[in-house]
Ligand code: ADP
Ligand code: ZN
Ligand code: ZN
């Protein structure tokens, strides 16, 4: 007889490159497997980790016993485990931290009472098993149930009579232990609008408070499920009462799918010839069932979404699943609604705004195969889609695909690796592809598909560049809006059309300076100036959220000649109110939108023409299709150009092109006015000409000469420390370790980072560049081993492979 595995190796979410071996309690020996999520003791803590292997090898040290199995089914299958190892290796991150980011089930771990068997409890349970007793008494029942898996108090209460008393006596006998940790979380935390309530049963005896009694009666009289927010209109305090009733299982609460009916139904369009040509390429690859990556480069308004939808139809018809990634800000109810209309309950939506319990629920629908289409932001790339045959990455150039904390993976690149491993098709879509992707297409790694025109031959918007220096010479006034921009907004207001004004900088004024001594007010924690926020009357740091009151005198020389410079979106809105007192104006930036819902609410009102003008940061530039917008004004095209970052030009070009693309999406042609002090800068010039090809050629040349991606693999290594000398000494040590770097490797630094101080830490930086990706990986390996040998704290070293920003 084959002996059962006795030990298991677990990957835990700790910054260490190792697995931890645990002893499997007897009851778990046949249930724990590779990919299982388990709870393990770690020091004084309990951590959820992923089992990598079970085995029977005797280990010399005496391993501790695993606490419990968290889900019966493995949380990660072989495919995802393999993807996890790839990420760990490629991005140089401990596997445990990667696997944690891949499992969305953290929401299950919540404080609450969980019962499990002790060793003697297991013995007792086995005795029952051996004797094959048929006894029906509650104590036996509880022992049997707990022998299968640990259970929550609420679950046992529901299943077993007098469970509480039974458990207490079992605990006294030493058969059962209670733990105050994990429990299945209920969907009760979702907002009322997202919940549906349905009657289950009347309480046995207990008396209910008035609101609960009323709601229960109402539900009993009105069978079927009801939206909880709507119930509020018939029953007072329905939302609170519903949650209370659900906790006692008198009613059932479920999460509502996104209400698709809010959005106009869009029938599928007949593909135009360009769309058809692009789609045919994708269809062929889907039929071949072979890994292939397409770059769908289509100008704004060329109908890329229609191709995505058609491709998803096709893969579904072939029995496969599809995953579509969208940028953080791109997953609006309008997008979700469109997918619901088309695919109904087969769609699951995952984004960072949803509650853990909703995420868990969606995840389970996906894993069970109920949902075959997943629309998700970055981390959705790990969704366990069955038979995954197609991955779409919309706006593939978008920065939000790169995770800005450990593990710092790029969602698009992970998507491609995942597809490669299982022979799926990838479609990357963008009007302004990243240099990397377009270069890959040119090298034949990806296949380029193009949509050169807008649908129905709608014209591209006309862009006019306004040189604000010239404007100043002519008017002798430093104005936020040029005369042309004022005229055009006036026209829109008269014609009942809408305008969007973009300024990618929030706040009122971006800095405060003293005219007497030149002092600029800086953040005490970061090396950046504080931004003046007028509504809050505060000086604010956009990096660490430090805030202080607005000084009346210069803190350095005590002069009162203080001035505020640099216009932000708050000021744009205020000046617009002054210039157009009758216009209805809304603003979208991080100050006006506390959460995703505010953002969506403002956008929905704008779409419904309840506002004439929408002001905002880059949050308004992306993907929104609002037909009545015929004017886009860029208040300052220059905001991103000054940054010491090799992607500054690319990002500016993308932002301006995307913003310009918002104009004239309907049948009325649109115009774009771009105000700038750098009219000759190629990023601005080519964005104005909406000429991606020219921009790409020029930028590619710059990258080639400077050895930046796509011509070199790049890693950003930052050493941080609360004390400057310490950060400096550590970075110098790394400098000595890596220099000389050897053939084909360039190391810039160590030097103070552009953001030399951030959140009270000093930052020193090294950039490693090489055209040899393997070598890059080895070098980072050396750095990490060195840091571990020197016992640096894990937070003092930040490594970013393929960084999107090197500030
Ligand atoms: P993109 O994502 O390329 O900017 P969209 O997919 O948002 O463009 O499409 C722009 C608009 O064109 C949408 O309103 C869409 O419904 C419409 N559209 C797409 N394909 C067609 C078509 N073949 N004929 C007519 N309209 C179309
Ligand atoms: Zn001063
Ligand atoms: Zn700060």
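Residue numbers (the working numbering): 2 to 808.
Just so it is clear, CB atoms sit at the ideal spot from N, CA and C, and this is done for glycine as well.
Source: prediction; values computed, not measured.
Asked: Determine the extent of the alpha helix (DSSP H) in which residue 439 is found, giving its start and end residues.; Found: 436-443
Asked: Per DSSP, which residues does residue 747 bridge with? Please list them.; Found: 770
Asked: What are the start and end residues of the alpha helix (DSSP H) that includes residue 340?; Found: 334-344
Asked: Here's the rule I'm using: 16 or more other beta-carbon atoms within 10 Å means buried, otherwise exposed. How should residue 186 be labelled?; Found: At residue 186 the pLDDT is 42, less than 50, meaning the model places this residue with poor confidence and gives no usable figure here.
Asked: How should residue 803 be labelled, buried or exposed, when 16 other C-beta atoms within 10 angstroms of its C-beta is the threshold for buried?; Found: buried
Asked: Could you give the DSSP three-state label for residue 544: helix, strand or coil?; Found: coil
Asked: Whole angstroms are fine: how far does the CA of residue 250 sit from the CA of residue 202?; Found: 8 Å
Asked: Is DSSP giving residue 331 helix, strand or coil here?; Found: helix
Asked: Using the C-alpha atoms, what's the distance from residue 99 back to residue 737?; Found: 30 Å
Asked: Output the distance between the C-alpha atoms of residue 167 and residue 796, rounded to the nearest integer angstrom.; Found: 47 Å
Asked: Taking the continuous beta strand (DSSP E) assigned at residue 97, which residues delimit it?; Found: Taken as a continuous stretch (DSSP letters only), residue 97 belongs to no beta strand (DSSP E), being part of the alpha helix (DSSP H) at 96-103.
Asked: Leaving out five residues before and five after residue 149 in sequence, what residues of the same chain have Cβ atoms less than 6 Å from its Cβ?; Found: none
Asked: Could you pull the start and end residues of the beta strand (DSSP E) that residue 510 belongs to?; Found: 510-515
Asked: Identify, in the order they occur along the chain, each residue of the same chain with its Cβ nearer than 7 Å to the Cβ of residue 535, setting aside the five sequence neighbours on each side.; Found: 509 and 571
Asked: To the nearest angstrom, report how far apart residue 720 and residue 16 are at their CA atoms.; Found: 16 Å
Asked: At the level of alpha carbons, what is the spacing between residue 14 and residue 86?; Found: 14 Å
Asked: I'd like the span of the alpha helix (DSSP H) that includes residue 706, first residue to last.; Found: 693-707
Asked: Buried or exposed for residue 101, please, with buried defined as at least 16 other CB atoms from any protein chain shown within 10 angstroms of its CB.; Found: buried
Asked: Quick one: any contact between the stretch 63-75 and the stretch 17-25, if contact means 3 or more CB pairs under 8 Å?; Found: yes
Asked: For residue 339, tell me which candidate among 64, 126, 547 and 311 has the shortest Cα-Cα distance.; Found: 311
Asked: Got a sec, what are the start and stop residues for the beta strand (DSSP E) residue 534 sits in?; Found: 532-534
Asked: Is any heavy atom of ligand 1 found at a distance shorter than 7 Å from the C-beta of residue 331?; Found: no
Asked: Under 8 Å: do the stretch 617-636 and the stretch 656-676 share three or more Cβ pairs, one atom per stretch?; Found: yes
Asked: Excluding the 5 residues preceding and the 5 following residue 573 in the sequence, name in chain order all residues of the same chain whose CB lies nearer than 7 Å to its CB.; Found: 481, 502, 504, 616 and 636
Asked: Can you tell me whether residue 523 sits near ligand 2, meaning its C-beta is under 7 Å from at least one heavy atom of the ligand?; Found: no
Asked: Do residue 683 and residue 410 count as a contact pair if the criterion is CB distance below 8 Å?; Found: no
Asked: At what residue ranges does the stretch 556-595 contain a whole run of the beta strand (DSSP E), taking only runs of 3 or more?; Found: 563-568 and 586-589
Asked: Any chance the CB of residue 520 is under 7 Å from a heavy atom of ligand 2?; Found: yes
Asked: Taking 8 Å as the cut-off, decide whether the C-beta atoms of residue 526 and residue 760 are in contact.; Found: yes
Asked: How many angstroms separate the CA atom of residue 147 from the CA atom of residue 119?; Found: 10 Å
Asked: In angstroms, rounded to a whole number, what distance separates the CA positions of residue 109 and residue 144?; Found: Any reading at residue 109 must be qualified, since the residue scores a pLDDT of 43, below 50, and its modelled position is unreliable; no value is offered.
Asked: Please state whether the Cβ-Cβ distance between residue 735 and residue 751 is less than 8 Å.; Found: yes
Asked: Just the C-alpha distance for residue 805 and residue 784, rounded to the nearest angstrom, thanks.; Found: 21 Å
Asked: Could you check whether the Cβ of residue 544 sits closer than 7 Å to any heavy atom belonging to ligand 3?; Found: yes
Asked: Just to confirm, is the Cβ distance from residue 388 to residue 322 under 8 Å?; Found: yes
Asked: For residue 325, which of helix, strand or coil comes out of DSSP?; Found: strand
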